[in-house]
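Comments concern the structure below.
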Amino acid sequence: METQDKPVTIDRRRLLQAGLGGLGAWLARRWLVAPEARAAEASATPTKPRADACIVLWMNGGPSHVDTFDPKPGTKDAGPFRAIKTRAKGVSICEHLPRVAAEAHRLVILRGMTSREGSHERARQLGHTGHIPNPTVDHPALGAWVSARRGDPKAELPAFVSLGGPSAGGGFFGRAHGPFVVREPGRPPEDMAYGPGVSAARFDRRRAALGMLEDSFEKETQSAAVAERRAVFTQAVRMMRSPAAAAFDVSSEPAAVREAYGDTAFGRGCLAARRLVEAGVPFVEVSLDGWDTHEDNFERTKRLMGVLDPAMSALLRDLAERGKLDRTLVVWMGEFGRTPRLNGRGGRDHHPAAWSAVLAGGGVRGGITLGATDAQGEKVVERPVPVADLFATITSAMGLDPLETVPSPGGRPITLTDGGQVVREILL
Amino acid sequence: MLRRTSAWVALALLSACSGGGAGGLPSPSATPSAPRKDAATAPATTDIPQRVDALLEAEWKAAGVSPAKPATDAQFLRRAWLDLVGTLPPPEVVTSFLADPAPDKRARAVDALLASPHFAERWAAYWEDVLLRDDAKGNLVDRAAFRAWLRARFADNTPWDHVVRELVGATGKSSPGGPARERRMAAQNAAAEAEAEGVNGATNWIVQYRGGVEDLAGATARTFLGVQIQCAQCHDHKTENWTTTDFRRFAAAFARTRVKPVEEKEKGMARAFEVEDGKRGRPGKKATDEAREIATLAPAALDGTALAGEVPRAELAAWITSPTNPWFGKALVNRVWGLFFGHGFVEPVDDLRPSNPPRAKAVLDALAADFVEHGHDLKRLLRTVCATRAYGLAAGPPAAEATFAAFAPRRLPAPVLLDAVLAATRLDPWIEDTLGERADALRAKMRERFRFVFDVDEDGARAEFDGTIPQALLLLNGPLVGYGSTALSGGALADVLVMPGGDAAKIEALYLRTLSRRPTAEEISRWVQFLDEAAAASEEHAAPPNGSGPLGKIGKKRGWVAKTPRDRAYEDLFWTLLDSSEFAFQH
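In order, the protein sequence lines correspond to chains A and B.
Under my numbering, the first residue of the first sequence is numbered 1, with each subsequent residue one higher.
Under my numbering, the first residue of the second sequence is numbered 1001, with each subsequent residue one higher.
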């Protein structure tokens, strides 16, 4: 049985230095300080942007925190998994993530993630947009925000790619900023090749004829919508014919590299994500589905970690070796954690009150944990991080303004991160 | 108290134009209008379209815009088909309509569409999208039964107030949904099936909100009244004077509504629910403050009318649909106008707050008053809208669109575009012929793919074109237009290629199939030139389609009839028409 060293949590250290201690003081500060004051404080000390790109590894269904990055060996219902030491001093994670453990010096593990959303739909929306669902405001996904603020309209590749999809949409930034969804990660996107019986020359001839039709229709209707549709078609053709589009396709990678990521859709997705980021795509989401383990939790979670471990570790190492990790923020998260208590079917149910997220790379420190849950993993007892704060941190690391306010189509001002506060302790 | 007063003032302002005024506040006891059966004998709408025209012309004058030129007959017919029944007019319908010299042919065409079974299908599909949430999937909500219920209402022209009362007040059993159910219901007379099972399809609307009454209450006010009271769920509404208490009292009308599983089945099994109103329950230990308050507050309508009877939900339904309700008629009229013109008097179409003033307010008021006075008759409203001068205008400059002085072209909704491609290429019957029973599976697959790429969202009314690269790629290279435009044996192009007559006749046939109009002489000569040139580049045309994918495989089985380079050039022409904006837009 592994004994768990007490992790070095900078949170505790910093809070003690500040003469504060524990959750109560943190909450007091969070709620007593007026939002305006917090806003002023946040904007007065802008964080130095470090990341040009962000890769989100989305664990769809809600991964069990106690079985992955916040192990609780020895507690009731902890199950058969042991905790292992990692390359980060005092940090232990699940034994089924050995390769990730070997990269832990690059990770910051947030063990105090917390939200109130226990339904998949609502929590997914929150985890993708930073806002709970609102029937009157269609909040954009984080990727759409990056696309709107960082996307280059002349780029040959889309700014927001979802490998395995579906992610969340462009919201009030418009569908053009929504995800470019690839259903089979690592393969060329659908419909990129010429249609049946069509050669390049024939395609050109057709497009020339189409241009003729479009010219007269656009002139007749004087419609901006028609002009915009034509622009989207032009963009699509540019992408079809761009050499950069090869980034979607991992088949040209050496066998050893593909093997390192694992022969899985998720593994290919992580490899494609690295290629896309290298090709200049600023936001890529790769999803791994199946974490909704209401039954057979251990078997299923172990199997998923078997997929996650090589892919995530290879991605981090590969990015680092290619000198891209410093400029690429990697985020591991799902919609919530899972109950430390087992249900009657050997499963764990939804647990939004306490869960983990992991950051690595661009702009964040490595080899640390932040926050902690209680002995069972039920509640956050140290440095809780609401989802809005995580969003403020990610966007801040990317050089975006988390307090930027945009008018919704209804004309109301919307803050992009729902007033999130940057988790400064983990930023470089 | 102050807030309440302001809400009353707002209400009085809203209702002033429908002749109600502050004194004519809705009361739960208002007599519901009698059901009206639609028929060819429906009252002629002579008066109201002219009134709308006069009001709009006044708007144009005031705005200093001149209206666009009138739409051609072909434009009008295509427009009405797409709006009323969601599909393209067949070529033979176009030609006979163009040949018809009768001055009332437009009105007759509209009447015929309103009487067609496709009308009910199209409107049921639209309202299913509006009323059922995206996440109402799986087997707990029976979309098929809900659609069948809606279809029966629209087929019958059930007055809109009845429809909404049946929805808001729905009680009884629901049925388990899911793909198997969808298939069975598609194959059978779904409405009769549901009735035989003792199922009330309308309950599905309530069942999807079983998680909490807040969302149900918010959706009710927003969808049927255009009142965004759910904004007051989190905070007192800054501009509209709704308070969180207003919201909670409104939501309290649903506090007795129970959605109970009919029987506990094994885990994972589909379940049916019983929707009923019982005694007020006590909030559970884990209930939020909001839920606690909703459970204990006295229910009230938005104007403060207490809903004090045994079944507050039924009283609320009566209050919402009362002829004196200031929002109910306007909300529907605004939504319909938005569907037909691409822009409601008010946008978003479900946000009628006073600080969001309507364009052409007088028109909205007149149409809403007429709609309510005539028993909430949806078909009368549609007939009226189609008879207005504005609906019969061609496209024009954006400045004119703002006062409906020109028709604003807009992207066809994804399901409509898909159906249009299937109809124009005749892929649908072709698939049916070849695959028989397995055709449904392929169709479902195509629909799923289309839906995925287009991410169907009927609410997303945006001024700008919001298409995406995957959508463009699907049309440029995807199998649907790809194979649909080839000369598949038994497909649309194959028939055109063997038509007697020269290029002009063939080009016209393809135009009628796709753009629902005849080509101009100039277009014909340009296309003949194109065909000559494309046929000359014949060596590139040598390779037949490779026949991969499900469509390709059945194509391979049936064979292609393109024999000459010129036949191949016709494929290019057909492809171009199917990918054009003129095809993909309502205009």
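C-beta: ideal position from N, C-alpha, C; glycine also.
All figures in this text were calculated on a predicted structure; none of them were measured in a lab.
Trp-1060 of chain B versus Gly-1342 of chain B - alpha carbon distance: Roughly 18 Å separates the two Cα atoms.
Could you check what DSSP says for Gly-1309 of chain B in three-state terms: helix, strand or coil? If DSSP states are grouped into helix, strand and coil, Gly-1309 of chain B belongs with coil.
Pick helix, strand or coil for Met-333 of chain A, following the three-state DSSP scheme. Secondary structure of Met-333 of chain A (DSSP, three-state): strand.
Taking all protein chains shown into account, decide if Asn-1204 of chain B is buried (16 or more other Cβ within 10 angstroms of its Cβ) or exposed. By the neighbour-count rule (16 or more Cβ atoms within 10 Å), Asn-1204 of chain B is buried.
Determine the direct distance from the alpha carbon of Ala-1300 of chain B to that of Ala-357 of chain A, and round the result to whole angstroms. For Ala-357 of chain A and Ala-1300 of chain B, the gap between their C-alpha atoms comes out near 44 Å.
Tell me whether the beta-carbon of Trp-1337 of chain B lies closer than 7 Å to the beta-carbon of Phe-1345 of chain B. Trp-1337 of chain B is a Cβ neighbour of Phe-1345 of chain B, given a cutoff of 7 Å.
Would you check if the distance between the CB atom of Ala-1120 of chain B and the CB atom of Arg-1147 of chain B is smaller than 7 Å? In terms of Cβ geometry, Ala-1120 of chain B and Arg-1147 of chain B do not form a close pair [threshold 7 Å].
Could you tell me whether the segment 1564-1576 of chain B touches the segment 1486-1503 of chain B, using the rule of 3 or more Cβ pairs below 8 Å? Yes, the segment 1564-1576 of chain B touches the segment 1486-1503 of chain B.
Any idea if Gln-1050 of chain B is buried or exposed, counting beta-carbon neighbours within 10 angstroms, 16 or more meaning buried? Gln-1050 of chain B counts as exposed, since fewer than 16 other C-beta atoms from the protein chains shown sit within 10 angstroms of its C-beta.
Along the chain, where does the beta strand (DSSP E) that runs through Asp-1277 of chain B open and close? Start and end: 1273-1277.
Where does Trp-58 of chain A fall in DSSP's three states? The three-state reading of DSSP puts Trp-58 of chain A in strand, counting E and B together.
Ala-246 of chain A versus chain B: which residues are under 7 Å apart at the beta carbon? Residues of chain B passing the Cβ test: none, with the nearest at roughly 16 Å.
CB-CB length for Ala-1255 of chain B against Gly-1201 of chain B, believed under 8 Å: Not really, about 24 Å apart at Cβ, beyond 8 Å.
Residues, ordered as in the chain, of the segment 206-223 of chain A that lie near chain B by beta-carbon distance below 9 Å: Those residues of the segment 206-223 of chain A that come within reach of chain B (Cβ to Cβ, closer than 9 Å) are Arg-206, Arg-207, Ala-208, Ala-209, Leu-210, Met-212, Leu-213, Glu-214, Ser-216, Phe-217, Glu-218, Glu-220, Thr-221, Gln-222 and Ser-223.
Beta strand (DSSP E) runs contained entirely in the segment 347-393 of chain A, provided each spans 3 or more residues: The qualifying runs are 355-361, 368-370 and 380-382.
Are the Cβ atoms of Val-973 of chain B and Ala-1369 of chain B separated by less than 7 Å? Residue numbering for chain B in the displayed model covers 1001 to 1587; residue 973 of chain B lies beyond these limits and cannot be assessed.
By how many angstroms is the C-alpha of Ala-1099 of chain B removed from the C-alpha of Ala-1366 of chain B? Roughly 35 Å separates the two Cα atoms.
Contact set between Pro-1397 of chain B and chain A, taken where Cβ atoms lie within less than 9 Å: Simply Gln-222.
Which first and last residues belong to the alpha helix (DSSP H) in which Met-212 of chain A is found? Met-212 of chain A: member of the alpha helix (DSSP H) spanning 200-221, first to last residue.
Pair within 7 Å by beta-carbon distance, Leu-1316 of chain B and Leu-1302 of chain B: No. Outside cutoff.
To the nearest angstrom, how far is it from the Cα of Ser-313 of chain A to the Cα of Ala-104 of chain A? About 9 Å.
Simplified DSSP assignment, three categories, for Lys-85 of chain A: In the structure shown, the three-state DSSP call for Lys-85 of chain A is strand.
Given that Asn-1641 of chain B touches chain A, what residues does it touch there, using C-beta distances under 8 Å? With chain B represented from 1001 up to 1587, any question about residue 1641 of chain B goes unanswered, as that position is not in the structure.
For the candidate residues B:Lys-1173, B:Gly-1226 and B:Glu-1347, whose alpha-carbon lies nearest to that of Arg-1271 of chain B? Out of B:Lys-1173, B:Gly-1226 and B:Glu-1347, B:Lys-1173 has the C-alpha closest to the C-alpha of Arg-1271 of chain B.
Classify Asn-134 of chain A as helix, strand or coil using the three-state DSSP reduction. In the three-state scheme derived from DSSP, where H, G and I count as helix and E and B as strand, Asn-134 of chain A is classed as strand.
Give a yes or no on whether the minimum CB-CB distance between Ser-43 of chain A and chain B is below 7 Å. Confidence at Ser-43 of chain A is low in this model, with a pLDDT of 45, below 50, so the placement of that residue should be treated as unreliable; the coordinate-derived value is given next. It does not; no Cβ of chain B falls within 7 Å.
Is Gln-376 of chain A close to chain B, meaning its C-beta is less than 7 Å from at least one C-beta of that chain? Judged by the 7 Å Cβ criterion, Gln-376 of chain A is not in contact with chain B.
Which residues bound the alpha helix (DSSP H) around Glu-1257 of chain B? It should be pointed out that residue 1257 of chain B corresponds to Thr in this sequence rather than to Glu. Element bounds for Thr-1257 of chain B: not the alpha helix (DSSP H) but the beta strand (DSSP E), 1257-1261.
Consult DSSP for Ser-147 of chain A and reduce its assignment to one of helix, strand or coil. Assigned with DSSP and collapsed to three states, Ser-147 of chain A falls in helix.
Under 7 Å by beta carbon: chain B residues contacting Gly-178 of chain A: Counting only Cβ-Cβ distances below 7 Å, Gly-178 of chain A has contacts in chain B at Thr-1468, in chain order.
Give the interface partners of Pro-158 of chain A over in chain B, defined as CB-CB distance under 8 Å, in chain order. Near Pro-158 of chain A (Cβ distances below 8 Å), the residues of chain B are Ile-1469.
I want to verify the contact list: residues of chain B whose CB lies under 8 Å from the CB of Arg-268 of chain A, in sequence order. Correct list: empty, because the minimum Cβ distance to chain B is about 19 Å.
With 16 as the cutoff for other CB atoms within 10 Å, does Pro-1261 of chain B come out buried or exposed? Classification of Pro-1261 of chain B: exposed, given that the 10 Å Cβ count is below 16.
Since Leu-370 of chain A contacts Leu-97 of chain A with CB under 8 Å, what's their CB separation in whole angstroms? Approximately 18 Å separates the beta-carbon atoms of Leu-370 of chain A and Leu-97 of chain A; this is outside 8 Å, ruling out the contact.
For Met-192 of chain A, which of helix, strand or coil comes out of DSSP? Of the three classes helix, strand and coil, the one that applies to Met-192 of chain A here is coil, per DSSP.
Identify the residues that DSSP records as bridge partners of Ser-162 of chain A: which are they? Answer is A:Val-181 and A:Glu-285, bridged to Ser-162 of chain A.
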